[in-house]
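Data first, discussion second: the structure below is written as structure tokens.
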Amino acid sequence: MLWVLLLQSPPASGADTLQLDDCEIIGAGGYSAMSARCGYFRVPENPDATDGRSIELFVALVPAQTEEPPDDAFTFLAGGPGQAASSAFVDLQHAFEGVRRDRDILLVDQRGTGKSAALDCPQDEPLIGGKPAGDAVLRSVQECLDGLQTDPRLYTTSIAVDDLDRVRAALGYEQLNIYGGSYGTRVGLHYLRKYPQRVRSLILDGVVPADINLGPGIALSAQRALNKVFERCAVNAACQSTFPDMQGQFEELAAELLREERKLRLTDPLSGQLRDLSFDYDRFAITIRLLSYAPESVALMPLLLDAAISRSHLEPLAAQSLMIESALSSALNFGMHNSVVCTEDVPFYSDADTDPRTLQDTYLGTSQLRLLQDICSVWPAGKIDPGFKSPVVSALPVLLLSGGADPVTPPDYAERAARTLSNHLHLVGKDMGHILAPVGCLPRLISEYVQAAEIRDLDIACVENIEPMPFFTSFAGPQP
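So for the sequence shown, the working numbering puts the first residue at 6; every next one is plus one.
And the structure:
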């Protein structure tokens with residue numbers, strides 16, 4: 006049945022109501038789902054022109070398992086930028102089961118993502134798996150812009166946090182308990198800056214400080230994370246015995262692909278059909294970078310490199326590349342990604358940021374940086390709030406989470422944000438990758454923190470026991 010959600014605290018006078026109906030929300034990969042209440046909330050596309058075009062935000066509410074939840078919902082802010090909160094949450098739902106026992110879960114697909122006026126770019130293939138530079142990128146970006154029916158300058162973090170607060174008010178929640186992952190940490194921090202009285206608790210996982218410009222540091226962070234994988238294999242008895250020179254095999258394969266791309270014919274791991282694939286250095290580097298995000302895929306890296314070098318069998322690594330490409334295409338709205346990066350990052354690059362000499366010793370080199378600059382030479386910059394790039398100052402108890410081997414948001418990013426967060430706790434999962442919430446004892450700690458909105462009494466000793474998945478020594482798995 007169709008219903009209007011009214012909690013114990015009704016919306017402020019004049020606020021819109023939000024009608025919700027029974028629904029099912031589905032994960033980005035299409036493999037998991039959960040029941041929820043869903044609806045659409047209309048907002049002006051341009052907040053400064055309320056008589057102009059409007060857009061609809063997709064809202065999903067996963068009700069608490071208790072009959073009388075408090076009037077402070079838990080909201081999940083997705084990463085990317087470009088992920089939809091509703092689908093990203095489904096894929097990570099087990100990390101927040103403890104939170105859901107007591108609180109409603111509020112999911113708002115950020116404008117430009119998912120079902121909220123998505124800025125779809127069907128021409129995004131050159132940005133994922135092909136050569137990430139040159140005319141192909143410029144054509145792809147321009148074709149996407151030409152196909153949009155919306156104004157891409159209005160799909161930025163500054164406007165998105167206002168959208169979120171409109172939804173909060175419409176549903177009658179007094180405060181929000183915010184979890185932000187990756188880019189979602191930027192959104193969470195900016196919401197705290199603009200609406201501090203509406204934040205009860207804040208979890209930042211894979212932290213992007215307000216004053217960091219994403220792009221120039223990607224290659225450096227990715228190289229540090231890869232070096233940690235080399236080091237971990239070298240001191241692990243099973244990995245070292247099976248793959249005595251993982252770093253050497255990486256360098257050998259990289260050199261081969263720099264000299265000449267490989268023409269492969271392989272079974273597509275998703276369709277099961279035979280296909281031809283050109284596997285060049287750029288595709289190799291992107292694949293290694295994205296495999297570095299999660300301990301589960303890191304566990305495969307020595308085996309994949311060894312198969313490529315020792316047995317001239319590059320197909321398993323190429324199959325991983327195709328699966329990553331498909332996952333990114335289904336999970337991200339690249340137009341919204343471009344609107345954020347071309348407003349909040351690239352315009353703030355300095356000459357020191359973009360000096361190729363600082364990146365020349367990394368396996369990514371300048372490719373990721375140049376890709377973003379190429380995109381933003383075409384994509385327009387949008388609306389940004391005054392002071393957006395300044396550090397966020399707060400005394401709120403904030404929980405910061407980092408993976409010790411995160412290839413994109415390393416622990417020192419969280420430490421940078423923490424300088425102006427006077428009441429914080431920073432937990433680091435040694436040798437873990439990007440996004441810590443689902444691993445080990447973190448779901449319990451998250452639940453306890455949200456319940457109390459305090460960090461001082463958390464028993465965090467268990468974090469020391471978190472270990473990554475063991476390395477695969479064969480395609481049958483790790484050694485027993």
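All C-beta atoms, glycine included, are put in the ideal place defined by N, C-alpha and C.
Worksheet item: Are three or more beta carbon pairs between the stretch 223-241 and the stretch 184-197 nearer than 8 Å?
Response: no
Worksheet item: From D167 to D390, what distance separates their C-alpha atoms?
Response: Mapped onto the sequence shown, residue 167 falls at position 162. Mapped onto the sequence shown, residue 390 falls at position 385. Using only the alpha carbons, I get a separation of about 11 Å.
Worksheet item: Distance, Cα to Cα, I31 vs D360?
Response: Sequence index remark: in the sequence shown, residue 31 carries index 26 (1-based). Sequence index remark: in the sequence shown, residue 360 carries index 355 (1-based). Between I31 and D360, the C-alpha separation is close to 42 Å.
Practice prompt. Using three-state DSSP, classify K199 as helix, strand or coil.
Written response: To locate residue 199, count along the sequence shown from 1; it is residue 194. Helix at K199.
Discussion item. In the DSSP output, which residue or residues are listed as bridge partners for T80?
Written reply: What you label residue 80 is simply residue 75 of the sequence shown in a count that begins at 1. The partner list for T80 (beta bridge, DSSP) reads L111 and I183.
Worksheet item: So, using beta-carbon positions, are A230 and T367 closer together than 8 Å?
Response: One-based indexing of the sequence shown puts residue 230 at position 225. One-based indexing of the sequence shown puts residue 367 at position 362. Cβ atoms of A230 and T367: not closer than 8 Å.
Worksheet item: What residues match up with V67 in a beta bridge as DSSP calls it?
Response: By 1-based counting over the sequence shown, the position of residue 67 is 62. Partner(s): I110.
Practice prompt. Within 10 angstroms of the Cβ of I465, are there 16 or more other Cβ atoms? Answer buried if so, exposed if not.
Written response: Start at 1 with the first residue of the sequence shown, and residue 465 comes out as number 460. I465 should be labelled exposed.
Worksheet item: Is DSSP giving E265 helix, strand or coil here?
Response: Indexing the sequence shown from 1 puts residue 265 at position 260. The answer is coil: DSSP assigns E265 none of H, G, I, E or B.
Worksheet item: Considering only residues of the same chain and omitting the five flanking positions on each side of A280, which have a CB-CB separation below 6 Å?
Response: For the purposes of this step, residue 280 is taken as residue 275 along the sequence shown, with counting starting at 1. In the sequence as presented, Ala is not what sits at residue 280; that position holds Arg. Closer than 6 Å at the Cβ level, and outside the excluded window around R280, lie D273.
Discussion item. So, under 8 Å CB-CB, N338 and L124 are touching, yes? Tell me the CB distance rounded to an integer number of Å.
Written reply: Counted from its first residue, the sequence shown places residue 338 at position 333. Counted from its first residue, the sequence shown places residue 124 at position 119. Their Cβ separation, rounded to whole angstroms, is 5 Å, which keeps N338 and L124 in contact under 8 Å.
Practice prompt. Give the DSSP-derived three-state secondary structure of E459 in the structure shown.
Written response: Residue 459 sits at position 454 when you count from the first residue of the sequence shown. Note: E459 maps to coil in three-state DSSP.
Discussion item. For the pair the stretch 84-96 and the stretch 336-354, tell me if three or more CB-CB distances fall below 8 Å.
Written reply: yes
Discussion item. Please identify the residue among P75, I293 and K120 whose C-alpha is closest to the C-alpha of Q180.
Written reply: As a working mapping, residue 180 is identified with position 175 in the sequence shown. It is P75 whose Cα lies nearest to the Cα of Q180.
Discussion item. Looking at the secondary structure, which residues open and close the beta strand (DSSP E) in which M39 lies?
Written reply: Position 34 of the sequence shown, counted from the first residue, corresponds to residue 39. Its beta strand (DSSP E) spans residues A38 to P49.
Discussion item. If you follow the beta strand (DSSP E) that G408 is in, where does it begin and where does it stop?
Written reply: Position 403 of the sequence shown, counted from the start, is the residue given in the question as residue 408. Taken as a continuous stretch (DSSP letters only), the beta strand (DSSP E) holding G408 covers V403 to G408.
Worksheet item: What does E29 pair with, by DSSP beta-bridge criteria?
Response: Residue numbering aside, residue 29 sits at position 24 when the sequence shown is read from its first letter. Per DSSP, S40.
Discussion item. According to DSSP, is E61 part of a helix, a strand, or is it coil?
Written reply: Counting from one through the sequence shown, the residue named residue 61 turns up at place 56. Correct three-state label for E61: strand.
Discussion item. Would S163 and F393 qualify as a contact pair, given that the criterion is a beta-carbon distance under 8 Å?
Written reply: Taking the sequence shown and counting its residues from 1, one reaches residue 163 at position 158. Taking the sequence shown and counting its residues from 1, one reaches residue 393 at position 388. For S163 and F393, yes; Cβs fall inside 8 Å.
Item to complete: Could you spell out the range, first to last residue, of the alpha helix (DSSP H) harbouring H342?
Response: Along the sequence shown, read from residue 1 onward, the residue named residue 342 stands at position 337. Per DSSP, H342 belongs to the alpha helix (DSSP H) from F339 to E349.
Discussion item. Relative to the C-alpha of G370, which candidate in D287, A323 and D27 has its C-alpha closest?
Written reply: Counted from its first residue, the sequence shown places residue 370 at position 365. Out of D287, A323 and D27, D287 has the C-alpha closest to the C-alpha of G370.
Worksheet item: Which residues mark the beginning and the end of the alpha helix (DSSP H) in which S206 is found?
Response: Along the sequence shown, read from residue 1 onward, the residue named residue 206 stands at position 201. Here S206 belongs to no alpha helix (DSSP H); instead the beta strand (DSSP E) covers V204 to D210.
Worksheet item: Rounded to a whole number of angstroms, what is the C-alpha to C-alpha distance between C244 and F284?
Response: Working through the sequence shown from its first residue, we reach residue 244 at position 239. Working through the sequence shown from its first residue, we reach residue 284 at position 279. Going from the Cα of C244 to the Cα of F284 covers about 26 Å.
Practice prompt. For V234, count neighbouring Cβ atoms within 10 angstroms of its own Cβ and tell me buried if that reaches 16, exposed if not.
Written response: Reading the sequence shown from its first residue, position 229 is the one you call residue 234. Buried, because 16 or more other Cβ atoms sit within 10 Å of the Cβ of V234.
Worksheet item: Looking at the unbroken alpha helix (DSSP H) that takes in G152, where does it start and where does it end?
Response: Taking the sequence shown and counting its residues from 1, one reaches residue 152 at position 147. Unbroken alpha helix (DSSP H) run through G152: D140 to G152.
Item to complete: For D140, collect the residues of the same chain with a Cβ closer than 6 Å to its Cβ; drop the 5 residues on either side in sequence, then sort them by chain order.
Response: Position 135 of the sequence shown holds residue 140. If we look at D140 and ignore the five residues flanking it on each side, it has no Cβ neighbours.
Practice prompt. Evaluate E330 with the Cβ neighbour count: other Cβ atoms within 10 Å of its Cβ, from every protein chain shown; 16 or more gives buried, anything less gives exposed.
Written response: Position 325 of the sequence shown, counted from the first residue, corresponds to residue 330. It is buried - the Cβ of E330 has at least 16 other Cβ atoms within 10 Å.
Worksheet item: Taking Cβ positions, are P483 and P214 nearer each other than 8 Å?
Response: The residue labelled residue 483 in the question sits at position 478 within the sequence shown. The residue labelled residue 214 in the question sits at position 209 within the sequence shown. Not a contact, by the Cβ cut-off of 8 Å.
Discussion item. Rounding to the nearest angstrom, what Cα-Cα distance links A312 and D379 in this structure?
Written reply: Within the sequence shown, numbered from 1, the residue matching residue 312 stands at position 307. Within the sequence shown, numbered from 1, the residue matching residue 379 stands at position 374. For A312 and D379, the distance between alpha carbons rounds to 35 Å.
Practice prompt. Drop a sphere of 10 angstroms on the beta-carbon of S206, count the other beta-carbons inside from all chains shown, and report buried for 16 or more, exposed for fewer.
Written response: In the sequence shown, the residue the question calls residue 206 occupies position 201. Counting Cβ neighbours within 10 Å, S206 comes out buried, since at least 16 surround it.
Worksheet item: When you compare each of L432, L82, V455 and Q456 to G445 by their alpha carbons, which one comes out closest?
Response: Here residue 445 corresponds to residue number 440 of the sequence shown, with the count starting at 1. Among L432, L82, V455 and Q456, the Cα nearest to that of G445 belongs to L432.
Practice prompt. Quick one: residues in its chain with C-beta nearer than 7 Å to the C-beta of D159, no 5 flanking neighbours on either side, listed in chain order?
Written response: Reading the sequence shown from its first residue, position 154 is the one you call residue 159. Per the sequence shown, the amino acid found at residue 159 is Leu instead of Asp. Spatial neighbours of L159 in its own chain (CB-CB distance under 7 Å, excluding positions within 5 residues in sequence) are listed in chain order as E50, N51, G387 and K388.
Worksheet item: Excluding five sequence neighbours on each side, which residues of the same chain lie with their C-beta closer than 7 Å to the C-beta of D170?
Response: Taking the first residue of the sequence shown as 1, we reach residue 170 at position 165. Contacts found: Y200 and R203.
Worksheet item: Between S399 and the rest of its own chain, which residues show a CB-CB distance below 7 Å, the 5 nearest in sequence each way excluded?
Response: By one-based count along the sequence shown, residue 399 stands at place 394. Excluding residues within five positions, the ones whose Cβ falls inside 7 Å are L197, P201 and L426.
Worksheet item: Does the pairing of the stretch 469-485 with the stretch 300-307 give three or more beta-carbon distances under 8 Å?
Response: yes
Worksheet item: For P416 versus R294, is the C-beta distance shorter than 8 Å?
Response: To locate residue 416, count along the sequence shown from 1; it is residue 411. To locate residue 294, count along the sequence shown from 1; it is residue 289. Contact flag unset, no.
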